[in-house]
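Per the working numbering, numbering through the sequence shown is continuous, rising by one, with the last residue being 632. In this text, a Cβ means the ideal position worked out from N, Cα and C, and glycines have one as well. Note that this is a predicted model, so its numbers are computed, not measured. Okay, structure first, notes after.
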Amino acid sequence: MKQNAEFVRNLWLQISPTRLISAVAVIALVVTVVFFAIDTTPWEVLVGVASAALTFVLIVWGATAARATVKDEIRSNTWNQQRMSALTPWQITWGKLFGGTAYVWWISLIVLALWSAARVMTHDALDLHVSVLTWIAGGIAVHAVAMIAAVGFRSADGSRIEEIPVGMLVVAVLVLTQSAVPFLLLRDQGSTWHNLRLSHPQAMLLLTTPFALWAVVGVHRSIQREMQETLLPWALPLALLSFGFLFAGFIPTYGIVESVLLGAIVSFALTAALAWAAFFTEPQSISTTRECFALLRASRVREALSRMTTASVLLILLGALGVLCAIGLAASTSSLEPFAVTSPDQRFSNELLKLAPVIFIWVIIVAIRDFCVAHALQAMSRTGTRAMGAFAVYVAVMYFAVPLLLRSTDASAKDFWLPTSTSAPATCLVGALASLALVVLLCRRPWRAASKPSATAL
């Protein structure tokens, strides 16, 4: 780190003797107040106070500080200076990730030491080192995600749009770790991951560490993009696959084939959720998509891959995983057992399993349809905000208003729109293909209008 000029620069901006001493003084004052105000169980109260302080300082304040390190570069427009410097993207990544949050880490490590001591004094030191590592990994993950959010997306012409609100990401991480994950892991009983018995702290560390590693990789790639380096879209698909198989390990299975299939299904679900999020937030450009196809036809595969948008990469991954899952579920009957035993309603579970292959194909078709609609709305809208609002209205109409309208006219009409019929499951595929054909027909004009400026580029 001493050889990293970016880290040293941020360290000089963040650290001073006055700030270091003031942080220690405030923490000592809080500890003194706790011990003088609480007579019976001061150590137990200190555990709660330290946990709250860690959540605020390491997560909320840390995310804000990490975001500020990137925003300063964007606001000052100093990326050109970084490109001309001898610093590599990895040096900039580490320098901003840890140098820009150095003061936050100083306070957090002191509070973490107090929290650990209080846990020991309350005779609750089981897996304490694992919990400490989880706090550290969680802090790194949130800081990295905040930096990625600050970089944001770029529009089709290369100009930057408004970054992703970091507050939404912090709230999402807090909700996931404090509510959804304990339910998944059965907080009081521990959990089993691929037949390996884990305590709750061990399972939390298992989930947090890959998230932190991939978040750091995401920051590095975001900085590489700002440094105008050529990037191939390998990180996001690989991250989704790794998380899919990681989460699938907590679901009981009966063999390696079932485990692989279950991992592919969970990866498909994660990819689908992220794909629709990309349709909504990422600026879409039909000209960029057409350029990619033209480059592929010209056998310039590397250049075509480097120009792909996130939505395009996710759509390709979604299609590959969907076909794999549909074929696997249709061909293997033993792989259905893990899903059947997890549902309390056996009849509902069996019906869902019959529909599963069709559901995967249906999701692929409607994803292509919504991908086309997102491009058309971006072409017709003057700003990205209007396109996002229009796409939100489109999703509400297509997935809520139309099914309710069909159900009110005829109970079986909704089977043409959604995969809900077990007697004729392929009916929904006809409706999805018909809607896709109609969307392509209606969107041809805005697509042509949007692609005219870039026609001479190729």
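Cβ-Cβ separation, Leu580 to Ala570 (assumed contact under 8 Å), whole Å:
Looking up residue 570 in the sequence shown gives position 396. Looking up residue 580 in the sequence shown gives position 406. With 8 Å as the limit, Ala570 and Leu580 do not qualify as a contact, their Cβ atoms being about 15 Å apart.
Could you give the residue range of the beta strand (DSSP E) that holds Trp367?
The sequence position of residue 367 within the sequence shown is 193, counting from 1. Run containing Trp367: Ser365 to Trp367, per the beta strand (DSSP E) assignment.
Hey, which unbroken runs of the beta strand (DSSP E) at 3 residues or more fall wholly within the stretch 221–259?
Complete beta strand (DSSP E) runs here, min 3: none at all.
List the residues that DSSP assigns as beta-bridge partners of Leu634.
What the structure shows of the chain is the stretch from 175 to 632, and residue 634 is not part of that stretch, so it cannot be assessed.
Cut-off 6 Å between Cβ atoms - residues of its own chain near Phe357, not counting five sequence neighbours on either side:
Residue numbering aside, residue 357 sits at position 183 when the sequence shown is read from its first letter. At Phe357, the pLDDT of 48 sits below 50, so the modelled position is not reliable and the matter cannot be decided from this model.
With DSSP run on the structure shown, which of helix, strand or coil describes His303?
Taking the sequence shown and counting its residues from 1, the one referred to as residue 303 is at position 129. When DSSP states are grouped into helix, strand and coil, His303 belongs to the helix group.
Indicate the three-state DSSP secondary structure (helix, strand or coil) for Ala600 in the structure shown.
Here residue 600 refers to the residue found at position 426 of the sequence shown. DSSP places Ala600 in coil when its eight states are reduced to three.
Closest residue to Trp536 among Ala291, Ser595 and Tyr568 (Cα-Cα distance)
As a first step, residue 536 is located in the sequence shown; it is residue number 362 there, counting from the start. For Trp536, the closest C-alpha among the options Ala291, Ser595 and Tyr568 is that of Ser595.
In terms of residues, what are the limits of the alpha helix (DSSP H) holding Ala438?
Walking along the sequence shown from the start, residue 438 turns up at place 264. For Ala438, the uninterrupted alpha helix (DSSP H) run begins and ends at Ile430 to Thr455, by DSSP.
Do the stretch 223–231 and the stretch 296–305 touch if we need at least three Cβ pairs shorter than 8 Å?
Contact fails: fewer than three Cβ-Cβ distances are below 8 Å.
Under 7 Å between the Cβ atoms of Ile266 and Ala197?
Within the sequence shown, residue 266 is the residue found at index 92, counting from 1. Within the sequence shown, residue 197 is the residue found at index 23, counting from 1. Between Ile266 and Ala197, the gap from beta carbon to beta carbon reaches 7 Å or more.
Just to confirm, is the Cβ distance from Gly564 to Leu578 under 7 Å?
Stepping through the sequence shown from its first residue, residue 564 is reached at position 390. Stepping through the sequence shown from its first residue, residue 578 is reached at position 404. Per the sequence shown, residue 564 should be read as Ala rather than Gly. Their beta carbons are not under 7 Å apart, which means Ala564 does not touch Leu578 by this criterion.
The stretch 211–230 touching the stretch 273–293, judged by at least three CB pairs closer than 8 Å:
Yes: the two stretches touch, three or more of their Cβ pairs being nearer than 8 Å.
Compute the Euclidean distance between the alpha carbons of Ala386 and Val316, then round it to the nearest angstrom.
Mapped onto the sequence shown, residue 386 falls at position 212. Mapped onto the sequence shown, residue 316 falls at position 142. Roughly 8 Å between the two C-alpha positions.
Between the alpha carbons of Ala179 and Val306, how many angstroms are there, rounded?
By one-based count along the sequence shown, residue 179 stands at place 5. By one-based count along the sequence shown, residue 306 stands at place 132. Those two C-alpha atoms are separated by around 29 Å.
My assumption, with CB atoms under 8 Å, is that Thr171 sits in contact with Thr382. Please give the rounded CB distance.
Because the chain here runs from 175 to 632, residue 171 falls outside it and cannot be looked at.
Buried or exposed for Gly429, going by 16 or more other Cβ atoms inside 10 Å?
Here residue 429 corresponds to residue number 255 of the sequence shown, with the count starting at 1. Exposed, by the Cβ-count rule.
Could you check whether His368 and Ile460 sit closer than 7 Å to each other, using their CB atoms as the reference points?
For this step, residue 460 is matched to residue 286 along the sequence shown. For this step, residue 368 is matched to residue 194 along the sequence shown. No. Outside cutoff.
Assess contact between the stretch 466–474 and the stretch 441–457, defined as three or more Cβ pairs (one per stretch) separated by less than 8 Å. Is contact present?
Taking 8 Å as the limit for Cβ pairs, the verdict is that the stretch 441–457 does not touch the stretch 466–474.
To the nearest angstrom, how far is the alpha carbon of Leu435 from that of Phe545?
Sequence index remark: in the sequence shown, residue 435 carries index 261 (1-based). Sequence index remark: in the sequence shown, residue 545 carries index 371 (1-based). Leu435 and Phe545 have their C-alpha atoms spaced approximately 26 Å apart.
Glu403 in three-state terms, based on DSSP
The count along the sequence shown starts at 1 and reaches residue 403 at position 229. Three-state result, Glu403: coil.
Determine the contact status of Leu492 and Thr463, defining contact as a CB-CB distance below 7 Å.
In the sequence shown, residue 492 corresponds to position 318, counting from 1. In the sequence shown, residue 463 corresponds to position 289, counting from 1. Not closer than 7 Å, so no.
How should Phe522 be labelled, buried or exposed, when 16 other C-beta atoms within 10 angstroms of its C-beta is the threshold for buried?
Numbered from 1 along the sequence shown, position 348 holds the residue referred to as residue 522. Any answer about Phe522 is weak, because its pLDDT of 48 lies below 50 and its placement is not dependable; what the coordinates show is given next. Under this definition Phe522 is an exposed residue.
Taking the straight line between their C-alpha atoms, what separation do you get for Ser353 and Val207?
If you number the sequence shown from 1, residue 353 lands on position 179. If you number the sequence shown from 1, residue 207 lands on position 33. Only weak support exists for where Ser353 lies, its pLDDT of 46 falling under 50; the value from the coordinates is given anyway. Cα to Cα, the separation comes out at about 31 Å.
How many angstroms separate the CA atom of Arg476 from the CA atom of Ser250?
The residue labelled residue 476 in the question sits at position 302 within the sequence shown. The residue labelled residue 250 in the question sits at position 76 within the sequence shown. About 33 Å.
Identify, in the order they occur along the chain, each residue of the same chain with its Cβ nearer than 8 Å to the Cβ of Val223, setting aside the five sequence neighbours on each side.
By one-based count along the sequence shown, residue 223 stands at place 49. Only Val204 and Val208 meet the Cβ criterion.
Can you tell me whether Asn254 is buried or exposed, with buried defined as 16 or more other CB within 10 angstroms of its CB?
Within the sequence shown, residue 254 is the residue found at index 80, counting from 1. Answer is exposed; the Cβ neighbour count stays below 16.
For Ser259, the nearest candidate out of Thr484, Leu410 and Met401 (CA to CA)
On the sequence shown, position 85 is the one that residue 259 refers to. Checking every option, the nearest Cα to that of Ser259 belongs to Met401.
For Ala659, count neighbouring Cβ atoms within 10 angstroms of its own Cβ and tell me buried if that reaches 16, exposed if not.
Outside the shown range of the chain, which is 175 to 632, sits residue 659, and nothing can be said about it.
Under a Cβ-count criterion, where at least 16 other Cβ atoms within 10 Å of its own Cβ denotes burial, should Leu489 be classed as buried or exposed?
Your numbering for residue 489 matches position 315 in the sequence shown. Only buried fits Leu489, as 16 or more other CB atoms lie within 10 angstroms of its CB.
Where Ile314 and Val576 are concerned, what is the direct C-alpha to C-alpha distance, given to the nearest angstrom?
Here residue 314 refers to the residue found at position 140 of the sequence shown. Here residue 576 refers to the residue found at position 402 of the sequence shown. Those two C-alpha atoms are separated by around 43 Å.
Please determine whether the Cβ atom of Trp186 lies at a distance below 6 Å from any heavy atom of the ligand PLP.
Of the ligands one can find in the structure shown there are none, so the ligand PLP has no counterpart to examine.
Taking the alpha carbon of Ala389 as the reference point, which residue from Ser555, Ala472, Leu610 and Ala311 has its own alpha carbon closest?
Indexing the sequence shown from 1 puts residue 389 at position 215. Looking at the Cα atoms, Ala311 is the closest of the given residues.
Along the chain, where does the alpha helix (DSSP H) that runs through Tyr277 open and close?
In the sequence shown, counting from the first residue as 1, residue 277 sits at position 103. Under the DSSP assignment, Tyr277 falls in the alpha helix (DSSP H) whose first and last residues are Ala276 to Met295.
Buried or exposed: where does Pro518 fall if 16 or more other Cβ atoms within 10 Å of its Cβ makes it buried?
Residue mapping note: residue 518 aligns to position 344 of the sequence shown, counting from 1. Confidence at Pro518 is low in this model, with a pLDDT of 49, below 50, so its placement is unreliable and the value that follows should be read with caution. By the 10 Å Cβ count, Pro518 comes out exposed.
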